[in-house]
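>
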Amino acid sequence: MARPPVDIPSLVAAWGPHVNRVPAGGWTTEGEPDRVVQTHCCFCGQQCGIQLKVKHNQVVGFEPWEDFPFNRGKLCPKGVRRYLQNGHPDRLLEPLERVDGRGFQPVTWEAALGRTAAEIRRIQAQYGPDAFAVLTGASLTNEKAYLMGKFARVAVRTANIDYNGRLCMVSAAAASKKIFGIDRAANPWSDLLSAEVILVAGANVAECAPITTDYLWEARERGARIIVIDPRMTPIARTVDLFMPVRPGGDIGIFNGMLHVMIERGWIDRAFIDAHTTGWPAVAETVAKYTPEYASRIAGVPASLIVKAAELWGPARTSFLLHARGIEHHSKGVDNCLAAINLVVASGRIGREGCGYAMITGQGNGQGAREQGQKCDQLPGARDVENPEHRHYIAGVWGVPESSIPHKGLSAVPLLEAIHDGRIKGLLSICFNPAVSLPDGHFIREALGRLEFYAGIDFFLSETMRYADVVLPGSLMEEDEGTTTSAEGRVIHHKKVVDPPGAAREDWRIICDLAARLGAGDKFAFRSPREIFEELRVASHGGVADYHGITWDRIDREHGVFWPCPEPDHPGTPRLYEGGRFGHPDGRAHFQAVEWRPAAEETDDAYPIVLTTGRVVSQYLSGTQTRRIGALVDQYPEPRCEMHPRLAASLGVADGDFVRVESRRGALVVRALVVKTIRPDTVFVPYHWPLGRSANNCTVRAIDPVSHIPEFKICAVRVTKAPPPDDAEAHLGPEAGGLA
Amino acid sequence: MIEERAFFIDYARCIGCQSCVQACAECDTHRGRSLIHLETIDRHDSVQTAPQVCMHCENPVCAQVCPADAIKQTPDGVVQSSLKPRCIGCSNCVLACPFGVPRYFGEIDQMMKCDMCYDRTSTGKRPMCATVCPSQALAFITLDEFRRTRGGTAINEWRFGDHPVRTKVYLVVPPETPPLLQIQGLGSARPSGAFDRNDVAAWLEQG
Amino acid sequence: MPPPVRVTARGADAAHAIAAGLAAAALVILGIYFGSRHLRDFDVALVPYAGASVFAAFGLGYRYAMWLRRPPTGLYWRRSWQLFFAPRHLPANIVRLARLAFDNFLAQKFIGRRAVKRWLAHWCIFWGCVLAAAVTFPLSFGWIHFETAPASLARYQAFVFGVHVFSFRLDSVLAPLVFNVLDVAALLVLTGIFFALWRRGLDRGALAVQQFANDLLPLALLFAVSVTGLFLTASTHLLRGYDFVFLSQLHAVTVIFTLLYLPFGKFFHIFQRPAQLGIAFYKEAGAASGQATCRRCGAPFASALHVGDLKRVESALGIRYATAAGDYQDVCPRCRRLSVALAQDALWRTHGRGPGKGTR
């Protein structure tokens, strides 16, 4: 029975989150480190280069890595302080077992792995092979992502494996695949510098991809105009040429409206469209009715802004479109992205210097982790799990019969729903904290409580791990080795910096051990992550995301290699679609006509306000790591509810007052932050916190029909002034979900 | 021969991410203690933020008003933290600095301030804050790099009240801006009724 | 009444300081003359030390006076005494002064909060020097001297200003302590130097900012004084007086050099640092005087006393913050930072980024 063995405050007292404020070895400035290791920050998809200083097998500090070309030494606060997660007092040092009423108690690896393997087989024997599920993460290295996909299909033999990239990149991925035929940023970031106009849609670049800010500034210094589409005036939006405070969910109004104006004014590239695309007539027909006035009603911004945007974007010679979760976290997330990409293709400004498109990857390995076959519908090399040819090739690489590879399984949210309704009885998770990160948090936690058996691999006891029967202490990024693929599509190398402490083990060893206990030892006889990468190279060969020509040595020598890179003598592919050759078999881009449709839950009289959620710069995802780093917690200790002064006045709320934000599914109580920088019809709460501070208590469990991304950006709430919360959880530290 | 690098500050670029604040505490001359300032101008009104490093005045007011003669310049013009044996913790410098830079730390009874990461700059490295700054509001680059990558011009002459100050750190301003910036510290009231471009409601209404 | 802030020419400053130096030197000479009972107790062998002390006194007086002539210093100096001697507060002030002196000088707690090694180093050096100074200056000035008791060669008598204070037997526990007090001091100083060099040799921050003349020379001088002093003891007790004369001359040279260096380098902080105590009274008086409010944000930011004094100091120094439109000194530090940033941001607002962008 998977539920917290004791009450939350007791678990927090024993396992954290506690904050670490002092580096391993103290704030000393004495002596030199034993070594300085060039590696990467793990806290977002940009994967900035960083050097970690090591002394006595502990990370004691950092030094900027100015030679790494993407960030040239630049780091956001998470990067600067990332080293403080090492040597942390909350670090899991030995396997644990849940003891009801007493908490978690140490057990041997033998016992923990043995029990986990036995439970997997028991549940599968009793309820069928797919009744045991595997949930993974997009912060894992490519090697581990590959290993997890293979583990689920070959060792566990379940169809139900999915990953938390489902909360991040899948809308952008699906849209890119539909139009371009390849799921990857089309250009390296350096192409931003020579763009005449840059459209940033639904991306709070300053907080979620801070290093991208300098690219935008450098482009501006050269004359680029910047358009930002966001319901909030983000730091980068403050000074830009055109800010469009879109109504959450109104993005298609802006994109289709802009395209309408562009067609009207003749700002589309007919020759390019004829030579390199399909599907244009349907798009032209669809956007015909999106006059600025019509579009304005959908977008919730004045028609004049839409016209201005078209006037900036339309006639430019070079341009770049960036988007992120702001347009993707919707039940129409894929359509939002399609409408945005239509603007790019219609302008013909793609595949050349200064002309391009990129989704800004959010998670550490958001790009690579979705290519190596840990999505419910994919096999390595971004192959399709239902494509017979693809299945055949991978079966060959794995040395298993094609028929033994399970077919498409459930994606993350339906998978949790299947747990809730009893179709799935057992779960193994790694690098995923759904108790904080999935929408409709109460439902999710209820589901976790219904598992017959739950084992998790983690380095800290996350909020989700509190539900585990067995906890296997894994490795931090700096305690293991492997590659990731950055937002640019650049495959880079995370070096092993220190060994895992105590009895903790590298994640890949745990998985291989478990596979051996499940009788698949011969398929998991890896002796190092490098050997896993060698197999991954072969598995990806011939796929869309072809890593075959990439080696660890090349990565180190060349500061990363861009996929596709089919052969060792191939230079890699920083810029896709050069010469107008797209990824589809016909070599063309496939326009997709998109109509706007309402959100899953629109506001009404009972719940009249839109709640939208997002990140703050000092926290990463569900906060398992960043809520344990004192300096980052201090920077923004607890979530606040941003609201416009007009809304605040109508609610009788003053800045700093506690407010209760309540949807049909749940509520949270936080302090109000009254600011002019948000639409008056919308409130914003960042999502990194648990318990009564969790924005996902409110969010809606609605997913995009294609990408299955949840609609984190829109749900209907009511907001009321509330007394300061006085429950036991509110008295925890803010890092644990209490109040500062 | 590498052209000498200089410190440039462009407040308008700042995104308030606090990388500089976090990284400042990693400098060896004051590790564990952040000396840079990062101001949120007025969060109610806007997201504007601004970092403030020491501007390293040629004739520093902080040193002039120090009764203990504890603030010294290096030969290359870097104004150092107060000398530990001398500083008597009076805070004259804190109040007199035209840029509001020095910080007084009560528990150690000493003023400390940005010393341009002297441990780094004296050995050819860039200061921590300017190295990590994601928006390069703080930049430590050669004049040549500045001209290549910036549209603005760099000035280093100021007047506070009637007091002229020249600084080692440059301010980035639009081209053709007069080379001397006058600061009175009187605030900049927006004329009532003017478009408030920081107010999202105003954007929605402008039509 | 606020004390006046003097503005004087450099020449006048120098004349004043020379006078102060001469006065200090004269005081020491008079002290020697009368303290040694018209030189009756004065040991001629120690003349070089006494002479160097006179020179040091001149230097210190000169330097101190020059320091006090700086407008901010002078003002603080006079303010501190004015506040200290305020009749209503004097008794409380004396108690407070004692406590502050204990925390800051005897225990040096504030240094401990900077770094433990630094505190250890400083504490050892401080007490070693205090101990040594407490013995050597009175000895070389002839203020104390020792004699064998008329009745017994095994008894020693100690005289202070010619007055018999106590006596002890040569075989008592006290005897070796009295005779070797300077060795104890030297060992304390050497321990301190060890910690100081340990810290300075490893600490990346210290390595970056330390200067030979300011940070290492003083340690070298103290090291020389201590080691040559210990050589003397070693020569006497272990080497039967081997090279004693040369060693004592060497020791004298190191001591005299250190004395002459006293007013100029890092050691001057010994005399300057007590001003720190005055600041405590100044801050208290400031807190009672009411707060100055920022003319931009309206928030209190410092004591009215402090801001008022600072304005006078600034005016004396030629810092022209005051204008017809108001005084920049009335702007709080945070508002100064905001003003600078807002001024620059406004320039860009009207200009716009990128080439060819005019006013929008």
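Chains as they are written, first to last, in my numbering: chain Y, 382 to 1121; chain C, 2 to 208; chain W, -9 to 350.
Cβ coordinates follow ideal geometry from the N, Cα and C atoms, glycine included.
Everything numeric in this text was worked out from a predicted model, so none of it was measured.
Grab the span of the beta strand (DSSP E) containing Y:D934 for me, first residue to last.
For this step, residue 934 of chain Y is matched to residue 553 along the first sequence. Not the beta strand (DSSP E): Y:D934 falls in the alpha helix (DSSP H), residues W933 to E939.
> Residues of chain Y with a CB under 8 angstroms from the CB of C:E27: which are they?
Stepping through the second sequence from its first residue, residue 27 of chain C is reached at position 26. Neighbours of C:E27 on chain Y, chain order: G442, F443 and V461.
> If the criterion is Cβ atoms closer than 7 angstroms, does the pair Y:A739 and Y:N568 meet it?
Your numbering for residue 739 of chain Y matches position 358 in the first sequence. Your numbering for residue 568 of chain Y matches position 187 in the first sequence. Contact annotation: Y:A739 and Y:N568 have beta-carbon atoms nearer than 7 angstroms.
> Relative to the C-alpha of C:L84, which residue among C:A71, C:C91, C:T75 and C:G78 is closest?
As a working mapping, residue 84 of chain C is identified with position 83 in the second sequence. The residue with the shortest Cα to Cα distance from C:L84 is C:A71.
> Mind reading off the beta-carbon distance from Y:D650 to Y:G729? Whole number of angstroms is fine, and I expect it under 8 angstroms.
The residue you call residue 650 of chain Y lines up with position 269 of the first sequence. The residue you call residue 729 of chain Y lines up with position 348 of the first sequence. About 3 angstroms; that satisfies the 8 angstroms criterion.
> How far does the beta strand (DSSP E) with Y:I579 in it extend, from its first residue to its last?
Taking the first sequence and counting its residues from 1, one reaches residue 579 of chain Y at position 198. That run of the beta strand (DSSP E) goes V578 to A582.
> Specify, as a first and last residue, the run of the alpha helix (DSSP H) that W:S414 falls within.
Beyond the ends of chain W as shown, which are -9 and 350, falls residue 414 of chain W; an answer cannot be given.
> Just reading off the beta strand (DSSP E) that Y:V627 is part of, what are its end residues?
Within the first sequence, the letter at position 246 stands for residue 627 of chain Y. Segment: none, Y:V627 is in no beta strand (DSSP E) and carries neither H nor E.
> In this structure, what does DSSP give as the bridge partners for C:E40?
Taking the second sequence and counting its residues from 1, the one referred to as residue 40 of chain C is at position 39. According to DSSP, which records beta bridges pairwise, C:E40 is partnered with C:A51.
> Comparing the C-beta of C:Q111 with each C-beta of chain Y, is any distance below 7 angstroms?
Numbered from 1 along the second sequence, position 110 holds the residue referred to as residue 111 of chain C. So, not an interface residue.
> Taking the Cβ atom as the reference point for each residue, do C:S136 and C:M113 lie within a distance shorter than 7 angstroms?
The count along the second sequence starts at 1 and reaches residue 136 of chain C at position 135. The count along the second sequence starts at 1 and reaches residue 113 of chain C at position 112. In this structure, C:M113 does not lie closer than 7 angstroms to C:S136 by Cβ.
> List the residues of chain C whose Cβ lies closer than 8 angstroms to the Cβ of W:H6, in chain order.
Numbered from its first residue, the third sequence carries residue 6 of chain W at position 16. Near W:H6 there are no residues of chain C at all, since even the closest Cβ is about 17 angstroms away, more than 8 angstroms.
> Alpha carbon to alpha carbon, how far is C:Q23 from C:N35? Give it in angstroms, no decimals.
The count along the second sequence starts at 1 and reaches residue 35 of chain C at position 34. The count along the second sequence starts at 1 and reaches residue 23 of chain C at position 22. The residue you asked about is not Asn; residue 35 of chain C is Ser in the sequence shown. Cα to Cα, the separation comes out at about 7 angstroms.
> Compare the Cα-Cα distances from Y:L853 to each of Y:E860, Y:E862 and Y:F841 and report the closest residue.
Here residue 853 of chain Y refers to the residue found at position 472 when the first sequence is read from its first residue. When only C-alpha atoms are compared, the closest one is Y:F841.
> Is it true that the CB of Y:D595 sits closer than 7 angstroms to the CB of Y:R606?
Mapped onto the first sequence, residue 606 of chain Y falls at position 225. Mapped onto the first sequence, residue 595 of chain Y falls at position 214. Result no, Cβ atoms of Y:R606 and Y:D595 do not sit closer than 7 angstroms.
> Is it a yes or a no for the stretch 1013 to 1029 of chain Y touching the stretch 471 to 482 of chain Y, going by three-plus beta-carbon pairs under 8 angstroms?
Counting Cβ pairs under 8 angstroms, fewer than three are found: no touch.
> Tell me Y:A1076's beta-bridge partners as DSSP assigns them.
For the purposes of this step, residue 1076 of chain Y is taken as the residue at position 695 of the first sequence. The beta-bridge partner set that DSSP reports for Y:A1076 is empty.
> Considering only the alpha carbon of each residue, which of Y:C425, Y:K434 and Y:W408 lies closest to Y:K877?
Locating residue 877 of chain Y in the first sequence gives position 496, where the first residue counts as 1. Comparing Cα positions, the closest option is Y:K434.
> What residues in the stretch 157 to 187 of chain C bring their beta carbon closer than 7 angstroms to a beta carbon of chain W?
F161, G162, D163, H164, L172, V174, P175, T178, L182, I184, Q185, G186 and L187
> In the DSSP assignment, find the unbroken beta strand (DSSP E) run with Y:P487 in it and report its ends.
Against the first sequence, residue 487 of chain Y aligns to sequence position 106. Segment G484 to P487, the beta strand (DSSP E) holding Y:P487.
> Output, in chain order, the set of chain Y residues within a Cβ distance shorter than 7 angstroms of C:R6.
One-based indexing of the second sequence puts residue 6 of chain C at position 5. Within chain Y, no residue comes near C:R6; the closest Cβ sits about 12 angstroms away, beyond 7 angstroms.
> Name, going along the chain, the residues of the stretch 174 to 196 of chain W whose beta-carbon falls closer than 7 angstroms to a beta-carbon of chain Y.
Listed by position along the chain: L192, D193, R194 and G195.
> Taking buried to mean at least 16 other C-beta atoms within 10 Å of its own C-beta, is C:D120 buried or exposed?
For the purposes of this step, residue 120 of chain C is identified with residue 119 of the second sequence, where counting begins at 1. Label assigned to C:D120: buried.
> Taking Cβ to Cβ, would you say Y:T865 is nearer than 7 angstroms to Y:T522?
Here residue 865 of chain Y refers to the residue found at position 484 when the first sequence is read from its first residue. Here residue 522 of chain Y refers to the residue found at position 141 when the first sequence is read from its first residue. Yes, these two residues count as a Cβ contact at 7 angstroms.
> Given that Y:L1125 touches chain C, what residues does it touch there, using C-beta distances under 8 angstroms?
Not covered by the structure: residue 1125 of chain Y. The range shown for chain Y is 382 to 1121.
> Taking only beta-carbon atoms, is W:R30 less than 7 angstroms away from chain Y?
Taking the first residue of the third sequence as 1, we reach residue 30 of chain W at position 40. Answer no: the Cβ-Cβ gap between W:R30 and chain Y never drops below 7 angstroms.
> Against chain C, which members of the stretch 616 to 636 of chain Y pass a CB distance test of less than 7 angstroms?
P616, I617, R619, T620, F624 and P626
> Go ahead and label Y:E983 buried or exposed: buried means 16 or more other beta carbons lie within 10 angstroms of its beta carbon, across all protein chains shown.
Taking the first sequence and counting its residues from 1, the one referred to as residue 983 of chain Y is at position 602. Y:E983 comes out exposed.
> For chain C, check one thing: does any of its Cβ atoms lie closer than 7 angstroms to the Cβ of W:S225?
In the third sequence, counting from the first residue as 1, residue 225 of chain W sits at position 235. Not one chain C Cβ lies under 7 angstroms of W:S225.
> Are three or more beta carbon pairs between the stretch 1101 to 1120 of chain Y and the stretch 8 to 26 of chain C nearer than 8 angstroms?
no
> Would a check of beta-carbon distances place C:V133 closer than 7 angstroms to chain Y?
Locating residue 133 of chain C in the second sequence gives position 132, counting from the first residue. Yes, contact with chain Y.
> How would you call Y:H437, buried or exposed, if buried means at least 16 neighbouring beta carbons within 10 angstroms?
Against the first sequence, residue 437 of chain Y aligns to sequence position 56. So Y:H437 counts as exposed.
> At a cut of 8 angstroms, does the stretch 674 to 690 of chain Y reach the stretch 524 to 535 of chain Y through at least three beta carbon pairs?
no
> Taking the alpha-carbon positions, what's the Y:S810 to Y:R1041 distance?
Counting from 1 along the first sequence, the entry for residue 810 of chain Y is found at position 429. Counting from 1 along the first sequence, the entry for residue 1041 of chain Y is found at position 660. The alpha-carbon atoms of Y:S810 and Y:R1041 are separated by roughly 32 angstroms.
> Please report the distance separating the alpha-carbon of W:Q334 from that of Y:Q755.
Position 344 of the third sequence, counted from the first residue, corresponds to residue 334 of chain W. Position 374 of the first sequence, counted from the first residue, corresponds to residue 755 of chain Y. Rounded to whole angstroms, W:Q334 to Y:Q755 spans 50 angstroms at the Cα level.
> With which residues is W:E137 paired in a DSSP beta bridge?
On the third sequence, position 147 is the one that residue 137 of chain W refers to. In the DSSP secondary-structure assignment, W:E137 is bridged to W:Q147.
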